[in-house]
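Novice:
Protein chains: 2
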Amino acid sequence: MTSVEEPARPGGRIRDAVRTQAEILDVATQEFARAGFAGARVDEIAARTRTTKRMIYYYFGGKEQLFTAVLERAYAVIREAEQGLDVEHLDPVAAIRRLAEVTFDHHEQHPDFIRLVSIENIHEAVHIAASEKLGKISSPALDVIRRILEQGQKSGLFTADVDAVDLHAMISAFCFFRVANRHTFGALFGRDLIDPAQREHYRAMLGDMVIAYLTAERAAD
Amino acid sequence: MTSVEEPARPGGRIRDAVRTQAEILDVATQEFARAGFAGARVDEIAARTRTTKRMIYYYFGGKEQLFTAVLERAYAVIREAEQGLDVEHLDPVAAIRRLAEVTFDHHEQHPDFIRLVSIENIHEAVHIAASEKLGKISSPALDVIRRILEQGQKSGLFTADVDAVDLHAMISAFCFFRVANRHTFGALFGRDLIDPAQREHYRAMLGDMVIAYLTAERAAD
DNA sequence: TAGCTAACGTACTAGTTCGTACATTAGTGT
DNA sequence: ACACTAATGTACGAACTAGTACGTTAGCTA
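Going down the list, the protein sequences come from chains B and R.
Following our numbering, the numbering of the first sequence begins with 8 at its first residue and continues without gaps.
Following our numbering, the numbering of the second sequence begins with 8 at its first residue and continues without gaps.
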């Protein structure tokens, strides 16, 4: 994240293509996450940067492409978090827990990312489909899961042959829902899933759930 | 759902307040689910009904209140499904499985509901908060979960003292994610979570996950 | 059958919003 | 010092969009 707060140089126009683009992306992320794609206002984004609307079109081409760029950057962040995952030295159970916690922590710390993904789903992922950066590269977490699963299954710790993508979905579902549906869930059931006091409770619950699933005695079928 | 296809009576104007309102709600549900709150067009909704925009304002007051009415009706449907739940005769494990399956089936069969809830979360649940119908009544599923949990814990089948709301969140998370994030997940990982051929697979996975969690040997803490 | 009102239609407007034509300048290479 | 281009700013317009003023009519009731 590039800070928007910097010494404003009055009078003299500063030229910094990289910073200008980063600033637009920062503000656009907030604005899209706040109001959705259609609800976001290009004028509002421009007003909250130190540059003008003209530059948004100059650098990104249009509202649609700007949203795509915002998405690309948001996904880059979580991939980075997953990349930093170092679980080779852990036993499978601990490794899976660690992996789940990384997703848990990332989602909690990046509610804007969650919102952007929700919004992108409303639009049936057309921007991801149109993006060259996204789509191609699959999540680093998947490779990690694959290795841990293999290890766990070989050692007999993990009972069933679970698919890596499915396990990733299971973990993501829990973490995503907690952030994405915070408001409706809170309004309907009077419980704030993001309450800091309950953070460790839900973090443990996720780990317990996944481990229980992986190590349960499976009925022969 | 009221069918929009009916014998159009040319010339003679038909007056039916109930049907007009239902038709507006049907079309509005589709339109809001399609494009989000800001992306939805009141003119488009009007055009796809047999009535006019004037009637939307006549009956609902405005776009915002129309969305609230749409939400209210969508929540009524799932509550009805939960109400029909009859699990008193089942053992706790089967009962929990059945309960999870009802949520699984409902969410799969009502992608528009999922979208509306996602959209409502983007808007921080302001419409639920503003609604008198919603908010007050809590989910019937919760009462069912409470009873099953109590039964399961007394009999020693269920190991830990799990909270009913938390369990509901766990089940909802899985079912909701599968539908809500179908598109981004599919685009990124090349797997369609809604593929009919995989339906039973995921349905079983959900049940296995929840039961494994509930019956796992919990480490003393 | 007269009259009353809920139900409905038409036409319009005020304000918004994405996008662009045109003008300008900072900074770099030579 | 000069010229060239990437980067930037201003001002504007065409299209859209939520909402409404005003007029009409179906159908019930007394």
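Even glycine gets a Cβ: it sits at the ideal position worked out from N, Cα and C.
#1: Give me, in chain order, the residues of the same chain whose beta-carbon lies closer than 6 Å to that of PHE165(B); leave out the 5 immediate sequence neighbours on both sides.
#2: Is ALA42(R) close to chain B? Criterion is C-beta to C-beta, closer than 8 Å.
#3: If we ignore side chains and look at the alpha-carbon of each, how far apart do VAL84(B) and PHE120(B) end up?
#4: Tell me the rounded alpha-carbon separation between GLY43(R) and MET177(B).
#5: Given this structure, state the Cα-to-Cα distance separating ASP228(R) from ASP98(B), to the nearest angstrom.
#6: Taking any Cβ of chain R, which residues in the region 207–224 of chain B have a Cβ under 7 Å from it, in chain order?
#7: Do the region 71–79 of chain R and the region 144–153 of chain R touch if we need at least three Cβ pairs shorter than 8 Å?
#8: Start and end of the alpha helix (DSSP H) containing PRO203(B)?
#9: Is there a Cβ from chain R that is less than 8 Å from the Cβ of ILE201(B)?
#10: Following the continuous alpha helix (DSSP H) through ARG48(R), name the residue where it begins and the one where it ends.
#11: Does ALA223(B) come out as helix, strand or coil in the three-state DSSP assignment?
#12: Using three-state DSSP, classify ASN188(R) as helix, strand or coil.
#13: VAL151(R) CB to nearest chain B CB: under 8 Å?
#14: What in chain B is Cβ-close to ILE129(R), meaning under 7 Å?
#15: Of all the residues that make up the region 25–56 of chain R, which are near chain B by a beta-carbon distance shorter than 9 Å?
#16: Residues in the region 83–98 of chain B with C-beta within 8 Å of chain R's C-beta atoms, listed in sequence order?
#17: Please report the straight-line C-alpha distance between ILE129(R) and HIS117(B), rounded to a whole angstrom.
#18: Counting beta carbon pairs with one atom in the region 101–114 of chain R and one in the region 205–224 of chain R, are three or more of them shorter than 8 Å?
#19: Please identify the residue among GLU115(B), LEU141(B), GLU131(B) and PRO203(B) whose C-alpha is closest to the C-alpha of ARG80(B).
#20: Kindly say whether SER3(R), judged by its beta-carbon, lies nearer than 8 Å to any beta-carbon of chain B.
#21: Would you list, in sequence order, the uninterrupted alpha helix (DSSP H) runs of no fewer than 4 residues that lie entirely inside the region 96–184 of chain R?
#22: Tell me the rounded alpha-carbon separation between ASP50(B) and LYS60(B).
#23: Let's test the definition: count the other Cβ atoms within 10 Å of the Cβ of VAL7(B) and tell me whether it reaches 16, buried, or not, exposed.
Specialist: With the given structure in hand:
#1: GLY159 and LEU221
#2: For ALA42(R), the answer is yes, since a Cβ of chain B falls inside 8 Å of its Cβ.
#3: Between VAL84(B) and PHE120(B), the C-alpha separation is close to 9 Å.
#4: For GLY43(R) and MET177(B), the distance between alpha carbons rounds to 26 Å.
#5: Caution is warranted here: a pLDDT of 48 is assigned to ASP228(R), below 50, making its placement in the model unreliable, and the coordinate value is therefore given only provisionally. Each residue's Cα considered, the two are about 21 Å apart.
#6: MET212, ASP215, MET216, ALA219, TYR220 and ALA223
#7: Taking 8 Å as the limit for Cβ pairs, the verdict is that the region 144–153 of chain R does not touch the region 71–79 of chain R.
#8: That residue, PRO203(B), is in no alpha helix (DSSP H); it is neither H nor E in DSSP.
#9: no
#10: Neither: ARG48(R) is in no alpha helix (DSSP H) and is coded neither H nor E.
#11: coil
#12: DSSP places ASN188(R) in coil when its eight states are reduced to three.
#13: False, the Cβ-Cβ gap to chain B never drops below 8 Å.
#14: Against chain B, the beta carbon of ILE129(R) has neighbours under 7 Å at GLY43, ARG122, SER125 and ILE126, listed in chain order.
#15: ALA40, ARG41, ALA42, GLY43, PHE44, ALA45, GLY46 and ALA47
#16: none
#17: 14 Å
#18: yes
#19: LEU141(B)
#20: Since the displayed chain R opens at 8 and closes at 228, residue 3(R) lies outside it and no answer follows.
#21: Along the length of the region 96–184 of chain R, whole alpha helix (DSSP H) runs at least 4 residues long occupy 99–116, 118–129, 133–137 and 147–161, reported in chain order.
#22: 6 Å
#23: No answer is possible for residue 7(B): it lies beyond the span of chain B, which begins at 8 and ends at 228.
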